[in-house]
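Enquirer: First the structure, then my questions, so here it is.
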Amino acid sequence: MLSTIIFDKMKYYILFGPPGAGKGTQATAMVEKYNLHHISTGALLRKEIAAGSELGLKAKALIEQGCLVPDEVVEGMIENEFRTVTGVDGFLLDGFPRTLPQAEALDAILARNSDEVTATVSIMIPDAMIMERIKGRALKEGRADDASEDVINNRIATYHSQTEPLIGYYRNAGKYHEIDGTGTIEEVRDRIFSAMDKF
Ligand code: ADP
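Each residue of the sequence shown is one higher than the last, beginning at 1 in my numbering.
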């Protein structure tokens, strides 16, 4: 008799939202509950900077001005994580994709393995709250790109011009799920969990 082995497909979640929306905070709870590997391109870039690598040196100046690093750089980092991480049910992408070309590259990378993005979970907060939250984080984490109001404003502008168009991209694909990011950490987490339980 023929027996069928069904392999569960890997899940690919995108955690979306403006800087300071609480993506990093919520990612910790999400990876634990759904057995995912968290990939934060910002954290990977900061690791390269701390290690003083060639890539880190190039990224440092851009990040400290509130600009994005080139698409190819982050795309390479993402592909490398997909290739090397095993033993999880899926990946949680935090801070990637951040431009339309990155979203298209992600689709192409996944399509090569007959995979696709599972869902985009978007944490939304008003612009006024972005500045307030990042300033609070600056006191705790000491990130160079959180230190100046000009840099934060540039990151917010970069988000609106380059990253926000992704909302339409994933909405058209039927993969966009928006979560209200205001309220306590636990309130936002529970909203995210009840959306994810349905995917
Ligand atoms: P934030 O909390 O501001 O969203 P991140 O830690 O995600 O910060 O990213 C910090 C910085 O790293 C960004 O402002 C940008 O310069 C760079 N970066 C992170 N992810 C990407 C990406 N996908 N494409 C280009 N640059 C990126």
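Just so it is clear, CB atoms sit at the ideal spot from N, CA and C, and this is done for glycine as well.
Does ligand 1 have a heavy atom nearer than 6 Å to the CB of T41?
Expert: Flag set: Cβ of T41 near ligand 1.
Enquirer: Since I152 and M131 should fall inside the 8 Å C-beta cutoff, what is the C-beta to C-beta distance between them, to a whole number of angstroms?
Expert: Indeed they touch by this definition, with Cβ atoms about 6 Å apart.
Enquirer: Tell me whether G22 counts as near ligand 1, meaning its Cβ is closer than 6 Å to at least one heavy atom of that ligand.
Expert: Not under cutoff, so the answer is no.
Enquirer: Would you mind reading off the limits of the beta strand (DSSP E) that contains D94?
Expert: Element bounds for D94: 90-94.
Enquirer: Let me know if L57 comes out buried or exposed under the rule of 16 or more other beta-carbons within 10 Å of its beta-carbon.
Expert: Result: exposed.
Enquirer: I believe H160 touches V88 by the beta-carbon criterion, under 8 Å. Please report the beta-carbon distance rounded to the nearest angstrom.
Expert: H160 to V88, Cβ: 33 Å. No contact.
Enquirer: Less than 7 Å between the beta carbons of Q26 and I192, yes or no?
Expert: Their beta carbons are under 7 Å apart, which means Q26 touches I192 by this criterion.
Enquirer: Do R112 and T163 come within 7 Å of each other at the CB atom, strictly closer than that value?
Expert: Not closer than 7 Å, so no.
Enquirer: Please determine whether the Cβ atom of V63 lies at a distance below 6 Å from any heavy atom of ligand 1.
Expert: Just to set this straight, residue 63 is Ile in the shown sequence, not Val. Yes, Cβ of I63 sits closer than 6 Å to a heavy atom of ligand 1.
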